[in-house]
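Engineer: In this text, residue positions in the sequence shown follow this note's numbering: the first is 2, and each later residue adds one. Sharing a structure here in structure tokens format.
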Amino acid sequence: MIIYEFKCKGKDKQYKAIDDAIRTSQFIQNKCLRYWMDNKDKKVDKYALNKHCAVLATEFMIADELNSMARQSAAERAWSAIARFYDNCKKKVKGKKGFPKFKKYCRSVEYKTSGWALSNNSKTITFRDKKGIGTLKLKGTYDLNYYDIKQIKRVRLVRRADGYYVQFAIDIDLKVETQRHMLQRGEPAQRSGLPTGQVVGIDLGLKYFIADNKGNVEPSPKFYRKSEKQLNRANRKKSKKYDKARKKAKKPQSTNYQKARNRYARKHLRVSRQRKEYCKRLAYSVIQSNDLVAYEDLNVKGLLRNRHLAKSISDVGWSTFRAWLEYFGHKYGKVTVAVPPYNTSQNCSNCGNKVKKSLSTRTHVCPHCGYVADRDMNASINILKLGLSTVGHTGTYAWGDLPSWAVGASLLSNGESGNQESPGFLRE
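Laid out in structure tokens, this is it:
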């Protein structure tokens, strides 16, 4: 499954119709969640929620206006949250189990195989339900004519700060045939396409984004930190236009406030895209240079509870990097191994003894064998050793789970590619 994204162009009334469809999808999702909460004794499952969509369509006119498969997609989003809660309970995850919550700010609506139609040249798309979205122009460089229309399994309309987008989920085999497979069949292969014979262990950090066992480091770009002054200035301008009296009277804020809010959101969107592109390019480079990549299986959610480091951890985007690393590893037939990070920074990579050190200590000095190395390089060597010892008997992924991007055909409700700071689809 791969996602192609296009910016869509239309009229103001069409954008309002898209907003109405998004609100309706959110309404159905919340109604399905309420139905599950009120009928827990009846063991409500995914199919019961899909049937409940038809009931909602007869009771509410706004639900009837939305395409039937779009209603089912909204129900599937609700079930996705419920299933995740059940799964966390079965696994006895520590702390909160993620009880499903009602959605307040949805940004997308998802159609399946009906309710939309592409033009012959794939430059426009028409939505056929009763919401009145109509025909939208698609702006992008991808060629949808290369794929059979039956391969498009989902179409999603996404609202962002800088406009509206259409995403196409296309069912194709992601794996690229490597030169190694060609050699195994006896076919000629170029020298540049041969396996590298290289393995690498990667330590993720704040000072350096990554440090490997060979001594190579990549400095952290700190996109948010560099843009923080501009973001704070835009936020102050937005706050000055906020009217508390309107809030108490339950009236919408002024047009100037909405404009300032949009300017602020666009600046955040730019930082998010910078981080994503950086992680994507770096992950691609690492995968192309190595046949096996070992990295830490960090609990990013847990680390974000540290109020002193939460901003810096969110800024580096470890989960985004990992998601792209696993994606490119799967696509190009490279081995990616997530290893437990416990004591990788404390243990000596030379003799194996534990050498306690604080976060401020950046040099590893072993009193047992006298080995001296940079803290991150020492950790990356330990990570590589763990990766090599793991991959032989558990496969590509250390815990035996699917990679973070391989979550099935359903897209996330926030309209973004997923990771732990949120997992889902990635757009190439």
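By construction, the Cβ of each residue, glycine as well, lies at the ideal position given by its N, Cα and C atoms.
1) Answer with buried or exposed for Leu326, where buried requires no fewer than 16 other C-beta atoms within 10 angstroms of its C-beta.
2) Look at the alpha carbon of Tyr148 and the alpha carbon of Ala295, and state the distance between them as a whole number of angstroms.
3) When you compare only the Cα positions, how much space is there between Ala64 and Glu77?
4) Please report the distance separating the alpha-carbon of Met378 from that of Tyr5.
5) Is the Cβ-Cβ distance between Ser381 and Asn214 less than 7 Å?
6) Closer than 7 Å by C-beta to Lys227: which residues in its own chain qualify, once you throw out the five before and the five after it? Chain order, please.
7) Would you kindly report the start and end of the unbroken alpha helix (DSSP H) that includes Gln15?
8) Using the C-alpha atoms, what's the distance from Arg129 back to Ala118?
9) Taking a contact to mean a Cβ-Cβ separation below 7 Å, would you say Gln275 touches Phe224 in this structure?
10) Whose C-beta lies closer than 7 Å to the C-beta of Asn68 among residues of the same chain, with five residues either side of it excluded?
11) Determine the direct distance from the alpha carbon of Gly135 to that of Gly11, and round the result to whole angstroms.
12) Out of Leu50, Asp20, Ala339, Lys154, point me to the one whose CA is closest to Arg161's CA.
13) Would Val301 and Ser286 qualify as a contact pair, given that the criterion is a beta-carbon distance under 7 Å?
14) Going by beta carbon distance, what residues of the same chain come within less than 7 Å of Gly99, once the five residues before and after it are set aside?
15) Give the DSSP bridge partners of His365, in chain order.
16) So, for His365: in the same chain, excluding its five sequence neighbours on each side, which residues have a beta-carbon less than 6 Å away from its beta-carbon?
17) Roughly how many whole angstroms lie between the Cα atoms of Met2 and Cys370?
18) So for Tyr279, helix, strand or coil by DSSP?
19) Taking the alpha-carbon positions, what's the Asn236 to Asp163 distance?
20) Would you kindly report the start and end of the unbroken beta strand (DSSP E) that includes Lys140?
Structural biologist: The relevant details are as follows:
1) Burial call: buried.
2) So the two alpha carbons sit approximately 35 Å from each other.
3) Rounded to whole angstroms, Ala64 to Glu77 spans 15 Å at the Cα level.
4) Cα atoms of Met378 and Tyr5: separation of roughly 38 Å, rounded to the nearest angstrom.
5) Yes. Within cutoff.
6) Cβ neighbours of Lys227 beyond the five flanking positions: none.
7) Per DSSP, Gln15 belongs to the alpha helix (DSSP H) from 13 to 39.
8) Ala118 and Arg129 have their alpha carbons spaced roughly 8 Å apart.
9) In this structure, Phe224 lies closer than 7 Å to Gln275 by Cβ.
10) So the list reads Tyr112, Ser115, Gly116, Asp130, once near-sequence residues are dropped.
11) Rounded to the nearest angstrom, the two C-alpha atoms are 9 Å apart.
12) Closest by alpha carbon: Asp20.
13) With a cutoff of 7 Å on beta-carbon distance, Val301 and Ser286 are scored as not near each other.
14) The beta carbon of Gly99 sits closer than 7 Å to those of Arg85, Phe86, Asn89, all from its chain and outside the five residues before and after it, given in chain order.
15) Ala374.
16) Cβ neighbours of His365 beyond the five flanking positions: Ala374, Arg376, Asn379.
17) Roughly 50 Å separates the two Cα atoms.
18) For Tyr279, the three-state secondary structure derived from DSSP is helix.
19) Our two residues, Asn236 and Asp163, have alpha carbons roughly 17 Å apart in a direct line.
20) Counting along the chain, the beta strand (DSSP E) containing Lys140 begins and ends at 135 to 140.
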